[in-house]
Amino acid sequence: MEDGKAKADLLPGTLDMLVLKLLLRGHLHGYAIAQLIQQLSDDLLRVEEGSLYPALQRLELNGWIEGEWGLSANNRRARFYKLTPEGRKHLTAESARYRRVTGAVARIMGFA
Amino acid sequence: MQVVLSYKRFRRRLWYWLDHSSRQRLLVEEMQFHIESNVEELIAQGMSRQEARSAACKRFGNMTQKAEDARLTWIARWISDLGQDLRYAFRGMRRNAGFTTFTILIAGLGIGAGTTVFSVVNALLLRPLPFRDPGRLVWITNGNDFTSTQTEHYSDLRKLDRSISDLEGFADWGVGNRQLMGRGEPERLTSVPVTQNFFDLLGVQPLIGRSFTTQECEGSYAAPPATLLSYNFWRRRFASDPGVVGRKLILDNRPVTVIGVLPPWFDFGSVFVPGTQMDIFVPWPLTDRAKPAGNTMRIIGRLKPGVMLPAAQAEFTALGKQLEKQHPERNGFTPRLMPLAQHVSGTVRAAMFVLACAVGIVMLIVCANLSNLQLARLGARQKEMAMRTALGAGRFRLLRQMITESVTLSCCGAVLGLLLAVGGARELAHVTALNLPLLDTVRIDGHALAFTSLAAVATGVLFGLMPALQISAFSLSAGLQDAGRGSTGSKRHAWVRDGLVVVEISFACVLLVGAGLLMRSFVRILDVNLGFRAERASALRIDPSFRISSLAQQNSFLDDVLHRGRSVPGITAAGVIDVLPLRDDRSWSVSLKGHVYEKNRHPEPFIRVVTDGYFEAAGIPLRAGRLFTERDRAASEPVVVVNETMARTAFFGENPLDQTITTYDGRHVLGAVVGVVGDVRHEALEEASGPEMYLAMRQTGDYAAMQLVVRTALPPDNLAAGIRTALRPIDPNLPVREFVTFQDLVERAMSLRRFLLLLLAGFAFFALILASLGIYAVISYSVSQRVQEIGIRIALGASAGDLRVLIVLRTLAFAAAGLAVGLGASRTLSSALGSLLYEVTPGDPITFVAIGVLLLAVAALAGYVPAWKASRIDPMTALRSS
């Protein structure tokens, strides 16, 4: 997992946060999430797409997201995920933590 | 909140895990949807389908790996590995049904034996006594473990001591000492007199009704006003009728009120008098007016909180001295305190220890044997293991898989073992012929289950570990090659197997020596001259149901009984005695008239009260003088008969005949010595009899029971009915349940020894079989490894006989190595048998030599079979085989 040759590797643990954030927009299936990550980061962040699925499983197991089967735009069976209230809470906590950490890193590096 | 959350998470995880196969499928479907979507998009962008698919797959990454990763979020890796290993283990077991069956059987027998023995040891030694706070209960005796205390001392102790919070006692029970009349057949009951708070002390609450009151404890002993029933008696006689409480029973022709029933778990007999069923409990009066004079009792106390045993002992020792000084007229008193548990299990501790060690050795042999089998199988699986290694299985992973396999096998064995143990424990709990305390509480409980699981896992790990460690000895290339036979790996592993067999032989040797020594002791005991001739002698309890008020009435009853008894066809002699050999005993301090004794230096013979004919019926030989006759009656001069030991020790070297024996204080004449008879082992088979004195029954009323002893010309099986019919006219109410042959008495006295011997012999036999199987397996294996060599030898002219000798010699070398270790260990361990040996030294040369020869013979036999097979190898096939 760690040696994926993305253009810019994700910081460990951030994938979960990104997925939760994207799900704020509504029900999405895995492919849509992968697409969105790519688009929103202007192709800069590349997740090895398969890695998304263990992450989704993990999030669901923790009760932060809920998946259910539905039909995709092209009328195929796909699994759609939505954020649970607990997931929302977790996202808030995670974003705050992430902001603190990156802020600290940026200060040390003199970016800020 | 956190707890709720983690609970939810746990539930979800469990659910995922249970549902994992369908979840896995859905996950794959989800991933496939992802890839398909990507492919379609790329096609829409103008790629060919093939290009699009490969690009999409590349972007997605290793799908199997991701699926695995996803799966691992809900199943921990070790669980999934374990599942895999288990599946593999079961598959292997199915494939190798013979090996599996054998392993499960052997492990099952070993674990079953282990669990059964554990359940016995647990009940007898480990589990606390079934009383309230049993750790504080102490057993108080006078001098040694068995001497009881005079009641007067007890009363004083109760008043004086400070370290015991509650001191209670029970008196000597007499088997069948009360007679129940009234509804149903008359029946002789065994009653135990207990002091008022006896049940409180032990924490026993009556199941229904209440305990004794102070008032009831001041009544007369001969006619107790109240009684408590034991649970078993209540169930047997009154069909568990709760209405019996408050009813009056007729006991010894006097009414007594039933005030309660004791709970089922309180089995007085099994704790204090193993092998005896107690029927009722009566209050034991201690007031000066009501108590029977000169009686003795057994005392149990409860230490006050904070008081330690040594402190209490010190106090009691001082009190004993003080009482002896204050009351020189009483018996001497040196109180000795010990934890009650120690008293109860004391006699069986050594036996239990031996049993536990024996079963431990059996289980080790089982492990060694299975280890060996597993190693043999490993030889065959060498290629499989090499293949696994080549495919990337780590060494640890292989080790774990091997252990999983062996633990699975041993757990299956444990299931079988548990079934055996449940049966065994149930059987044992119902053996009434065995004088073991608490035997009826033997059962498979939580502790035993824990032991079984532990034994199962330990066995599995132990027998799987050695083979598992051997895996590392394989070299990859050698393992994969067809002729990996000569590799260093298999040589080393042959060395380990040889070692295991030697260990097995030496363990088996230890067990065999132990069993052998016990067997020799047993044979010695069978040869003991008991002093009476047990075969064809039997006894029947005949106390009359009516009250005997005078010696004249008693004597006419006796005359009648003996007359009628002797006239039954087949009976050659008949007499009456109060206590049977090997059953009860009582002793008196006596004096020889005309001698002055120091205090506590009086002769103290065991007292038996007998009529004429008893010595003939029991087969006790006359050594000098005469036996009792019908003419020794109330009116004639009182006479006694003494045994040889007493004749030798109590008469200061003078001729005992015509000397007069008195009570110890010289006040009452007991009788003039008219005869000397042979010694009888009255107490135990192993113990030489002490001094004994026989009183003439027709001259005394001082005895508790009448046992009609008869000697028959024929086996006594059908005799009971004849005697009953003959006696019926004298007393139609005669309870006739207790008919016992002297042989039964002897058997009973040997029961623990027999039990131990049987178990140990069984274990030793099992061990011998396992060891010989081990030898057989190893020799067969080495033969199969050397087929080529043997082929060459035969081709070069070695005769079949030479080969056989060669192989059998190799087997004997093993056996000799095992024997050397085993006999050495036996010599050290056998001294632990200690008191269980009788007239056999722990280093008994006959036993050691015999066991050595036996083991060598069995080893030679086990080696001969493969040797014979080897000698029939066809050299041509052998040489071509590789």
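Residue numbers (the numbering used here), protein chains in the order written: chain L, 33 to 144; chain G, 1284 to 2165.
Beta carbons: idealized from backbone N, C-alpha and C, even for Gly.
These figures come from a predicted structure and were not determined experimentally.
Near isoleucine 1644 of chain G, which residues of its chain fall below 8 Å by C-beta distance, leaving aside the five closest residues on each side in sequence?
Phe1790, Val1793, Leu1794, Phe2046, Ala2050
Which residues in chain L have a C-beta closer than 7 Å to the C-beta of alanine 1353 of chain G? List them in chain order.
Tyr85, Pro86, Gln89
Burial state of tryptophan 96 of chain L (16 or more Cβ within 10 Å)
buried
For chain L, check one thing: does any of its Cβ atoms lie closer than 8 Å to the Cβ of methionine 1346 of chain G?
yes
Please state whether the Cβ-Cβ distance between arginine 1884 of chain G and leucine 2010 of chain G is less than 8 Å.
no
Under 8 Å between C-beta atoms of proline 2149 of chain G and isoleucine 2062 of chain G:
yes
So which residues on chain G does asparagine 80 of chain L lean against when the C-beta distance must stay under 7 Å?
The identity of residue 80 of chain L in the sequence shown is glutamate, whereas the question assumes asparagine. Going along chain G in sequence order, the residues near glutamate 80 of chain L (Cβ under 7 Å) are Gly1344.
How many whole angstroms separate the CB atoms of threonine 1946 of chain G and valine 1873 of chain G, which I take to be in contact at a CB cut-off of 8 Å?
6 Å
What residue range does the alpha helix (DSSP H) around glycine 1543 of chain G cover?
Glycine 1543 of chain G -> not in any alpha helix (DSSP H); beta strand (DSSP E) instead, spanning 1537 to 1544.
Could you give the DSSP three-state label for histidine 1846 of chain G: helix, strand or coil?
helix
Proximal residues to aspartate 1842 of chain G (C-beta, below 8 Å), its chain only, five neighbours per side dropped:
Glu1913
With glutamate 1451 of chain G and isoleucine 1583 of chain G assumed to form a contact (beta carbons below 8 Å), what rounded beta-carbon distance in angstroms separates them?
6 Å
Against chain L, does histidine 1303 of chain G count as a neighbour if the rule is that its beta carbon must be under 8 Å from one of theirs?
no
Of the residues that make up the stretch 1295 to 1324 of chain G, which ones have a beta carbon closer than 8 Å to any beta carbon in chain L?
Arg1295, Arg1296, Tyr1299, Leu1309, Leu1310, Glu1312, Glu1313, Met1314, Phe1316, His1317, Glu1319, Ser1320, Asn1321, Glu1323
Alpha carbon of tryptophan 2151 of chain G to alpha carbon of glutamine 1665 of chain G, nearest angstrom:
28 Å
How about valine 1893 of chain G and isoleucine 1860 of chain G: do their beta carbons lie closer than 8 Å?
yes
Interface residues of the stretch 61 to 73 of chain L facing chain G [CB-CB below 8 Å]
His61, Gly62, Tyr63, Ala66
Starting from proline 1622 of chain G, follow its DSSP beta bridges and name the residues at the other end.
G/Val1421
Going along chain L, which residues have a C-beta under 7 Å from lysine 1349 of chain G?
Gly82, Ser83, Tyr85, Pro86
Local Cβ density within 10 Å of alanine 105 of chain L, reported as buried at 16 or more and exposed below that
exposed
Proximity to valine 2029 of chain G [Cα-Cα], best of G/Leu2162, G/Pro1750, G/Arg1964:
G/Arg1964
Using a cut-off of 8 Å between C-beta atoms, extract the partners of asparagine 94 of chain L located in chain G.
Arg1292
Status (buried if at least 16 other CB within 10 Å, exposed otherwise) for arginine 1519 of chain G
exposed
Going straight from the alpha carbon of glutamine 1488 of chain G to that of phenylalanine 1482 of chain G, what length do you get?
7 Å
Provide the residue span of the alpha helix (DSSP H) that contains lysine 1341 of chain G, from first to last.
1332 to 1343
Counting only Cβ-Cβ distances shorter than 7 Å, please list the residues of the stretch 1668 to 1699 of chain G near chain L, keeping chain order.
none
On the three-state DSSP scale, how would you describe threonine 1478 of chain G?
coil
Tell me whether the beta-carbon of threonine 124 of chain L lies closer than 8 Å to the beta-carbon of glutamate 98 of chain L.
no
If we define contact as Cβ-Cβ less than 8 Å, is arginine 111 of chain L a contact residue for chain G?
yes
Does glutamine 1605 of chain G pass the burial test, meaning 16 or more other C-beta atoms within 10 Å, or should it be called exposed?
exposed
Compute the Euclidean distance between the alpha carbons of alanine 2140 of chain G and threonine 1559 of chain G, then round it to the nearest angstrom.
45 Å
Residues that DSSP places opposite isoleucine 97 of chain L in a beta bridge
L/Leu115
The stretch 1948 to 1964 of chain G / the stretch 1918 to 1926 of chain G touching (three or more Cβ pairs under 8 Å)
yes
Rounded straight-line distance, which links the Cα of glycine 2135 of chain G to that of leucine 2106 of chain G:
8 Å
Under 8 Å between C-beta atoms of valine 1993 of chain G and alanine 1900 of chain G:
yes
Where does leucine 2139 of chain G sit, in a helix, a strand or coil, going by DSSP?
helix
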